[in-house]
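Heads up: the protein sequence lines correspond to chains A and B, in order.
In this text, residue positions in the first sequence follow this note's numbering: the first is 16, and each later residue adds one.
In this text, residue positions in the second sequence follow this note's numbering: the first is 114, and each later residue adds one.
Written below as structure tokens is the structure these notes are about.
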Amino acid sequence: MSSAVVDADPILQVKDLQIHFPSRAAGSSVKAVNGVSFDVHRGETLGVIGESGSGKTTLGRALVSLIQPSAGAILQDRVDPATLSAKALRSHRRDYQIVFQDPNAALDPRMRVLDSVMEPLRIAGGMDRRAMEQAALDALARVGLSPEHARRYPHQFSGGQKQRIVIARALTLRPKMLVCDEVVAALDVSIRGEILNLFAQLQREFSLSCVFITHDLSVVSHISDRIAVMYLGCLMELGAAEVVGERPLHPYTRALLSAEPVPLPSHMRRTTRIVLEGEVPSPVDPPSGCPFRTRCAHAVPHCAAERPRWREVRPSHWIACHRVDADGEFTN
Amino acid sequence: MKPATPPPLLEVKDLSIAFRTRAGLLQVTRGISFAVAPGERIGLVGESGCGKTVSGLALMRLLPAESARVTGQILLQGRELLGLPEKAMRSVRGREIAMIFQEPMSALDPVFTVGEQIAEAYRAHFPGHAQRARERALELLDQVGIPLPAQRYHEYPHQLSGGMRQRVMIAMALICEPKILIADEPTTALDVTVQAQITLLLRELSERTGTALIFITHDLGVVAETCTRMLTMYAGEVVEDAPVDEVLLSPRHPYTSGLLRSLPRFARRREPLVSIRGRVPSPDAMPAGCRFQPRCDHAVAPCGGEQLLRTTGQPQRMVRCCESLRLDLPGVPLP
Numbered sequence: 016m017s018s019a020v021v022d023a024d025p026i027l028q029v030k031d032l033q034i035h036f037p038s039r040a041a042g043s044s045v046k047a048v049n050g051v052s053f054d055v056h057r058g059e060t061l062g063v064i065g066e067s068g069s070g071k072t073t074l075g076r077a078l079v080s081l082i083q084p085s086a087g088a089i090l091q092d093r094v095d096p097a098t099l100s101a102k103a104l105r106s107h108r109r110d111y112q113i114v115f116q117d118p119n120a121a122l123d124p125r126m127r128v129l130d131s132v133m134e135p136l137r138i139a140g141g142m143d144r145r146a147m148e149q150a151a152l153d154a155l156a157r158v159g160l161s162p163e164h165a166r167r168y169p170h171q172f173s174g175g176q177k178q179r180i181v182i183a184r185a186l187t188l189r190p191k192m193l194v195c196d197e198v199v200a201a202l203d204v205s206i207r208g209e210i211l212n213l214f215a216q217l218q219r220e221f222s223l224s225c226v227f228i229t230h231d232l233s234v235v236s237h238i239s240d241r242i243a244v245m246y247l248g249c250l251m252e253l254g255a256a257e258v259v260g261e262r263p264l265h266p267y268t269r270a271l272l273s274a275e276p277v278p279l280p281s282h283m284r285r286t287t288r289i290v291l292e293g294e295v296p297s298p299v300d301p302p303s304g305c306p307f308r309t310r311c312a313h314a315v316p317h318c319a320a321e322r323p324r325w326r327e328v329r330p331s332h333w334i335a336c337h338r339v340d341a342d343g344e345f346t347n
Numbered sequence: 114m115k116p117a118t119p120p121p122l123l124e125v126k127d128l129s130i131a132f133r134t135r136a137g138l139l140q141v142t143r144g145i146s147f148a149v150a151p152g153e154r155i156g157l158v159g160e161s162g163c164g165k166t167v168s169g170l171a172l173m174r175l176l177p178a179e180s181a182r183v184t185g186q187i188l189l190q191g192r193e194l195l196g197l198p199e200k201a202m203r204s205v206r207g208r209e210i211a212m213i214f215q216e217p218m219s220a221l222d223p224v225f226t227v228g229e230q231i232a233e234a235y236r237a238h239f240p241g242h243a244q245r246a247r248e249r250a251l252e253l254l255d256q257v258g259i260p261l262p263a264q265r266y267h268e269y270p271h272q273l274s275g276g277m278r279q280r281v282m283i284a285m286a287l288i289c290e291p292k293i294l295i296a297d298e299p300t301t302a303l304d305v306t307v308q309a310q311i312t313l314l315l316r317e318l319s320e321r322t323g324t325a326l327i328f329i330t331h332d333l334g335v336v337a338e339t340c341t342r343m344l345t346m347y348a349g350e351v352v353e354d355a356p357v358d359e360v361l362l363s364p365r366h367p368y369t370s371g372l373l374r375s376l377p378r379f380a381r382r383r384e385p386l387v388s389i390r391g392r393v394p395s396p397d398a399m400p401a402g403c404r405f406q407p408r409c410d411h412a413v414a415p416c417g418g419e420q421l422l423r424t425t426g427q428p429q430r431m432v433r434c435c436e437s438l439r440l441d442l443p444g445v446p447l448p
């Protein structure tokens, strides 16, 4: 970073990350993440927003070493996990945990909740059973569940409670960083608030760094310090939550914001809406140049010729667009 | 009735649905009553399990008689649908009331082209008009905004994107020009930019053709942008029925108010979100009286008595809350 706000010691550094999956057609690949660079500061919540196929889930998995980069690097606390031995990786990765969208799939239906929550400690080793049980009960208490709950099985809980259990499990190892992949997407509105509040509280208590992946703009702008916008494997914009969430520069972020249905009476809604045409192109064969150009109302021939540089238009505000300047005006 | 209100197209009276289970009858919705005027767009909102989807299926008479007991009345232009023999119902279903679902991929047959599937809906109601069915299918593909209809006609569902498949479902539902279209979470599986396209399309089609819309969703933003009226459901009952623009600002039921205030969009950044304490009661353990009472901040003794959906004194507004007139409930916080 070249601005005044330089983080000399980020918890996570992502450098030109590429993740490609082999595709059935010979010689082609799915470019799920296609050249992404950003940092996660200590103690911050970085929201990653994107539509389906944007690569946000792949990115999240890569951040906790569940997927290997095809190119580029991810430094976790200045350590590149790809260079670690299997044994070293096992102890290193305890600090980088992930919570998934569907708590039903994340909990073994035949294990009591206590055993599920204890499992990470058991795998990490070095604790006797009594200490592990106590740590698990503490973690459950932190998310508002009692020792009595700990003896039950997953099917005896509601969706919101199961998500609490999964969060408790991710916290037993006292990670430095937590990746949350669509953790409230499956929950009803009235419970969603409860879980988001819990996250905010735990994050403060544990001084966790969080990467919060979601497709829901209202969730991401509520919980995040900064927001990164992904489209077709690339970052389109990154900046402070109030800037990206309210005064975005990139044409895609603007369209995304304006597409969000607003629960306000008709006379109070914005009248101008940018309805994007078409849908996200295939990541097997992404457009040349700017990935968004096929749906962008501002695209010019140059956008097809060259991929826009990832540049810092204002301090700590990054975009990848040929046409937009720092004031949001379209130039060239 | 108020003179301004057009005669109802559909009248649902005291619709109750119970499932037959090993443990006996399980009541899932109770006493649902509402009316739909021609061209009206109604949002049926509520959280999972509140009975909004089964109510939609009951209107289409799609609940299997062996496992579901449906009582009450569904009057389509005065004609009672619940008592109709299945054969007669078949000429209503798809012709007068049509329905689209959340997941278009599971609603489309993978081995037929989308054009054939759209035309089939027409042929089923107008047998012997194969040529006309094909023409109508092409017209509909065009109307729902699918580019190159003549080419898309011959494509299979897997060749289309999610948004295009949902457009195909809409085309299929509208080919016989039904009077009512029930849309059950039609945009929930879609991305937000595609959702904006589909809700706009539904609103425009309804305005242009006069088809009434019953839009089942949990998304209050979608309701605000698509519908004219909102019915809030809680634990199998309609708790509030009001014009959308009014209910967003001044809900009359504490549950509606709680839903509106729990939307993260309106919370101050990093401040705790409002949530409704407790949980939805399960269908086999419904509290007596008001079903929301155990979670309600305004509950008083009379809430234990039976609650009816009553008029509020304001036109076109109904609420199931005995305390409603004494409460001044907040709606969506204004930006």
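We treat Cβ as the ideally placed atom computed from N, Cα and C, and that holds for glycine.
Three-state secondary structure (DSSP) of residue i
i                : result
CYS289 (chain B) : coil
CYS318 (chain A) : helix
LEU193 (chain A) : strand
VAL76 (chain B)  : No answer is possible for residue 76 (chain B): it lies beyond the span of chain B, which begins at 114 and ends at 448.
THR60 (chain A)  : strand
GLN28 (chain A)  : strand
GLU356 (chain B) : The amino acid at residue 356 (chain B) is misidentified as Glu; the sequence shows Pro. The answer is strand: DSSP assigns PRO356 (chain B) an E or B state.
MET173 (chain B) : coil
CYS403 (chain B) : coil
LEU326 (chain B) : strand
THR346 (chain A) : coil
VAL295 (chain A) : coil
GLN190 (chain B) : coil
TYR266 (chain B) : coil
MET431 (chain B) : strand
PHE53 (chain A)  : strand
MET343 (chain B) : strand
LYS115 (chain B) : Summary for LYS115 (chain B): the model assigns pLDDT 47, below 50, so the residue's position carries little reliability; its value from the coordinates is reported in the next sentence. In the structure shown, LYS115 (chain B) sits in coil (DSSP, three-state: anything other than H, G, I, E or B).
ARG143 (chain B) : strand
Neighbourhood of residue i by C-beta, 7 Å cutoff - its chain only, sequence neighbours within 5 removed
i                : result
HIS411 (chain B) : PRO367, GLU436 and LEU440
PRO74 (chain B)  : Only positions 114 to 448 of chain B appear in the structure, and residue 74 (chain B) is not among them; the question remains open.
LYS115 (chain B) : Caution applies to LYS115 (chain B), whose pLDDT of 47 falls short of 50 and renders its modelled position unreliable; the model cannot decide the point.
PRO260 (chain B) : none
ARG322 (chain A) : GLY304 and CYS305
PHE53 (chain A)  : VAL29, ALA243, LEU250 and LEU253
VAL51 (chain A)  : VAL29, LEU32, LEU74, CYS249 and LEU250
ARG310 (chain A) : LEU291, GLU292 and GLY293
LEU99 (chain A)  : HIS107
Beta-carbon proximity list for residue i, same chain, < 8 Å, skipping 5 on both sides
i                : result
SER17 (chain A)  : For SER17 (chain A), the predicted model reports a pLDDT of 39, less than 50, meaning its position is unreliable and no value from the coordinates is stated.
LEU81 (chain A)  : ILE113
VAL257 (chain B) : ARG280, VAL281, ILE283, ALA284, LEU287, LEU314 and LEU318
THR424 (chain B) : ARG430 and MET431
PRO407 (chain B) : GLY391, PRO394 and PRO400
SER161 (chain A) : LEU155
Whole-Å CB distance - residue i paired with residue j, under 8 Å assumed
i                : j                : result
GLY260 (chain A) : SER331 (chain A) : With a Cβ gap of about 14 Å, GLY260 (chain A) and SER331 (chain A) do not count as contacting.
THR345 (chain B) : GLY196 (chain B) : With a Cβ gap of about 29 Å, THR345 (chain B) and GLY196 (chain B) do not count as contacting.
VAL141 (chain B) : VAL125 (chain B) : Their Cβ separation, rounded to whole angstroms, is 15 Å, which puts VAL141 (chain B) and VAL125 (chain B) out of contact at 8 Å.
ARG390 (chain B) : HIS237 (chain A) : With a Cβ gap of about 20 Å, ARG390 (chain B) and HIS237 (chain A) do not count as contacting.
GLN7 (chain A)   : THR60 (chain A)  : There is simply no residue 7 (chain A) to check, as chain A begins at 16 and stops at 347 in what is shown.
ASP127 (chain B) : GLY185 (chain B) : 4 Å
Neighbourhood of residue i by C-beta distance below 6 Å, restricted to the same chain and skipping five residues each side
i                : result
MET192 (chain A) : ILE26, TYR111 and SER224
Minimum Cβ-Cβ distance from residue i to chain D less than 8 Å
i                : result
GLY208 (chain A) : The question asks about chain D, but that chain is absent: this structure's protein chains are A and B.
Counting Cβ pairs closer than 8 Å, one from the stretch 234-249 of chain A and one from the stretch 292-305 of chain A, do we hit at least three?
yes
Compile a chain-ordered list of the residues in the stretch 259-276 of chain B whose CB is closer than 7 Å to at least one CB of chain A.
SER274 and GLY276
Just checking, does the stretch 245-263 of chain B make contact with the stretch 225-234 of chain B on the three C-beta pairs under 8 Å criterion?
yes
Below 8 Å, how does it come out for the stretch 297-309 of chain B and the stretch 287-296 of chain A: are there three or more Cβ pairs, yes or no?
yes
Below 8 Å between beta carbons is the criterion; list the residues of the stretch 57-73 of chain A that meet it against any residue of chain B, in chain order.
GLU66 and SER67
Anything in the stretch 291-310 of chain A with a Cβ closer than 9 Å to a Cβ of chain B? List those residues in chain order, please.
LEU291, GLU292, GLY293, GLU294, VAL295 and ARG310
Assess contact between the stretch 67-83 of chain A and the stretch 170-186 of chain A, defined as three or more Cβ pairs (one per stretch) separated by less than 8 Å. Is contact present?
no
Which residues of the stretch 320-350 of chain B have a Cβ closer than 9 Å to any Cβ of chain A? Give them in chain order.
HIS331, ASP332, LEU333, GLY334, VAL335, VAL336, ALA337, GLU338 and THR339
With 8 Å as the C-beta to C-beta threshold (strictly closer), list the residues of the stretch 379-392 of chain B near chain A in chain order.
ALA380, ARG382, ARG383, PRO385, LEU386, VAL387, SER388, ILE389 and ARG392
Do three or more CB pairs link the stretch 263-282 of chain B to the stretch 218-226 of chain B at distances below 8 Å?
yes
With 8 Å as the limit, tell me which residues of the stretch 245-256 of chain A have their beta carbon closer than that to any beta carbon of chain B; keep them in chain order.
ALA256
Should the stretch 290-299 of chain B be called in touch with the stretch 208-219 of chain B, which here means at least 3 C-beta pairs below 8 Å?
yes
May I ask you to verify whether the stretch 120-135 of chain A touches the stretch 81-99 of chain A, counting CB pairs closer than 8 Å and requiring at least 3?
no
Segment contact flag, the stretch 159-175 of chain A with the stretch 330-348 of chain B, C-beta cutoff 8 Å, min 3 pairs:
no
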